[in-house]
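Heads up, the thing below is written out as structure tokens.
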Amino acid sequence: MGYSEHLSKELCSKLFCGVGLQSDNLPIPGLSISNSSETFPVNCSYDIDSFISKAKSLSIAKKGIRVQFCPNSLQNISQNIHLFSPIPERLISGKIKYHQIPIHHIPHFRLGTILSTLHIPVYVFLPGLYQQSPTPNSYINNHTLQQWMDIGFLPAVHTHYTDDVLQHLPTSFDSAYMEVYARSRESGIKRSSNDPQLGRRQEIHYFLPSEQLENVWQDM
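Set out below in structure tokens:
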């Protein structure tokens with residue numbers, strides 16, 4: 197910042213230091229900031245808007261789980277959530293090499309939600325179905341879902357739960373599929389051109405109490 201031809205260097209210094217123009221004989225005041233020895237506690241607060249947990253059993257649902265026996269692929273994880281899973285690859289030499297694959301590229305489906313809150317979905321990942329591709333796809337076809345439900349999950353559910361729970365559940369993947377699309381067939385709702393599944397299916401959930409979830413998962 198330059199000086200005006202009408203203001204000397206000394207006068208500009210006084211102006212910037214808060215000394216009046218007529219105070220030629222007053223010294224430039226020194227900057228003095230009082231120090232305080234008093235201490236104040238520091239409090240931390242956290243705002244958690246989301247969390248992710250890797251579970252090895254359905255027993256994490258302490259209040260039960262709302263299950264979809266006919267999962268909707270449109271509810272798959274489609275965005276990168278910055279989590280990876282090691283996927284093995286057998287090389288020609290016979291050695292195993294592991295690749296860190298984003299979990300939203302690994303085939304999976306949304307099994308349901310934890311009963312305590314509708315905002316905590318439960319996903320099942322099937323890394324054995326992963327195939328390297330220029331365009332990764334997490335979609336699982338109905339034939340594979342049917343095998344998972346009819347050979348693994350539903351038999352375990354029918355083994356450990358009593359009739360008061362089982363009477364409300366579908367007996368197979370096909371029966372769950374029929375229930376999901378029953379309303380659209382009866383009312384003649386046509387498939388949406390923009391959303392081929394969401395517009396014509398119902399998202400039907402079935403409640404499984406927490407007491408037998410660990411046993412069900414162990415039997416699969």
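Just add 196 to wherever you are in the sequence shown, counting from 1, and you've got this note's numbering.
Yeah, the Cβ is synthetic: ideal placement off N, Cα and C, and Gly gets one too.
Alpha carbon to alpha carbon, how far is residue i from residue j?
i	j	result
histidine 315	threonine 309	7 Å
lysine 293	isoleucine 283	8 Å
isoleucine 277	valine 320	16 Å
arginine 286	arginine 396	42 Å
alanine 352	isoleucine 248	26 Å
proline 237	serine 230	20 Å
leucine 341	serine 269	11 Å
leucine 365	glycine 324	28 Å
serine 389	serine 380	Annotation note: pLDDT 46 at serine 389 (below 50); position unreliable, coordinate value reported separately. Each residue's Cα considered, the two are about 15 Å apart.
tyrosine 242	proline 330	40 Å
Compare the Cα-Cα distances from residue i to each of the options and report the closest residue.
i	options	result
glycine 348	Ser368, Gln271, Val238	Ser368
valine 361	Ser253, Gln296, Ile261, Ile297	Ile261
leucine 279	Gln296, Pro330, Ser289, Ile288	Gln296
glutamate 407	Ser253, Cys240, Ser233, Thr235	Ser253
phenylalanine 305	Ala378, Trp344, Ser289	Trp344
glutamine 271	Pro317, Thr331, Ser312	Pro317
proline 332	Pro303, Lys258, Ser241, Tyr357	Pro303
lysine 258	Leu322, Gln363, Asp359, Thr313	Thr313
Going by beta carbon distance, what residues of the same chain come within less than 6 Å of residue i, once the five residues before and after it are set aside?
i	result
glutamate 399	none
glutamine 328	none
Short of 7 Å in beta carbon distance, which residues of its chain neighbour residue i, apart from the five on each side in sequence? Order them along the chain.
i	result
cysteine 266	Phe369, Ala372, Tyr373, Val376
histidine 300	Ile273, Ser274, Gln275, Asn276, Ile277, Ser334
Distance cutoff 8 Å, beta carbons only. Does residue i sit that close to anything in chain D?
i	result
aspartate 359	In the structure shown, chain D cannot be found, because there is only a single protein chain.
Assign residue i to buried or exposed, taking buried as 16 or more other Cβ atoms, counted over all protein chains shown, within 10 Å of its Cβ.
i	result
tyrosine 326	buried
phenylalanine 212	exposed
aspartate 391	With a pLDDT of only 49 at aspartate 391, under 50, the local geometry of the prediction cannot be trusted, and no value is derived from it.
Under 7 Å from any heavy atom of the ligand MN, does the C-beta of residue i make it?
i	result
aspartate 360	No copy of the ligand MN occurs in the structure displayed, which carries no ligand at all.
Go through its chain and collect everything with a Cβ distance to residue i's Cβ below 8 Å, but skip five positions before and after it.
i	result
histidine 401	Arg262, Val263, Gln264, Gly308, Thr309
Handout entry: Segments of 3+ residues assigned as beta strand (DSSP E) that fall wholly inside the segment 284–353
Key = 292–298, 304–310, 317–321
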